[in-house]
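See below for the structure under consideration.
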Amino acid sequence: MSRRNGKGAGIGKGNPPKDTQFVKGRSGNPDGRPKGSRNLETIIRQAANAPVMATIDGRKKRISKTTATAIQLATKAAGGDKHAGSQLFQYLWQFEAEAASTKPAQFPFEEADLKVLRAIYERMMLCANPMSKAA
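Numbering (this note's numbering), first residue to last: 7 to 141.
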């Protein structure tokens with residue numbers, strides 16, 4: 007018996023028994039995600055921002071693990087570790103590129119604005135140098 011010939015629903019691959027199928031209109035996970043459970047991003051951010059004691063310039067300071075890792079990377083790079091140096095410069099270039107992309111253009115003028123500014127400049131130069139009028 008198969009559905010194709012209209013004689014009823016058979017049980018088999020892709021056709022489970024009706025009593026084991028999900029009931030229409032009812033969630034398969036009625037309780038949902040438990041309250042207070044955290045996703046992986048939250049767990050990693052909390053771990054990275056957790057405080058750690060570090061000795062900096064002979065003094066013990068409480069800093070985040072992220073800060074401690076950055077200090078270690080910079081120290082290794084300064085000590086001649088090529089991989090650490092490459093990684094450090096890659097981060098710095100990335101940060102510089104992001105900062106440059108958020109800055110406004112040095113001259114955010116349209117072509118029409120530049121024409122007006124050039125005309126004003128030329129008039130000012132004529133006023134500053136009256137001998138150039140006679141030429």
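We put the CB at the ideal spot given by N, CA and C, even for glycine.
Residues bridged to residue i [DSSP beta-bridge criterion]
i, result
"P22", "P22 is not bridged to any residue."
"P57", "S70"
"I62", "R65"
Residue closest to residue i, alpha-carbon to alpha-carbon, out of the options
i, options, result
"Q91", "D25, L79 and E102", "Reading the sequence as shown, one finds Gly at residue 91 and not Gln. Residue L79 is the option with its Cα nearest to G91."
"S70", "V58, D63, I77 and P22", "V58"
"Y97", "E116, P23, K82 and A76", "A76"
"D63", "R124, T81, A118 and M130", "T81"
CB-CB length for residue i against residue j, believed under 8 Å
i, j, result
"G72", "N55", "Checking the sequence shown, residue 72 turns out to be Thr, not Gly. Confirmed, Cβ separation roughly 6 Å."
"A83", "A60", "That pair is no contact at about 18 Å."
"F28", "G34", "6 Å"
Where residue i falls, given that 16 or more other Cβ within 10 Å makes a residue buried
i, result
"S8", "With a pLDDT of only 46 at S8, under 50, the local geometry of the prediction cannot be trusted, and the value read off the model is given with reservation. With fewer than 16 Cβ atoms within 10 Å of its Cβ, S8 is classed as exposed."
Residue i: CB within 8 Å of a non-hydrogen atom of the ligand FAD
i, result
"N45", "As presented, the structure is devoid of all ligands, the ligand FAD included, so that no description of it is given."
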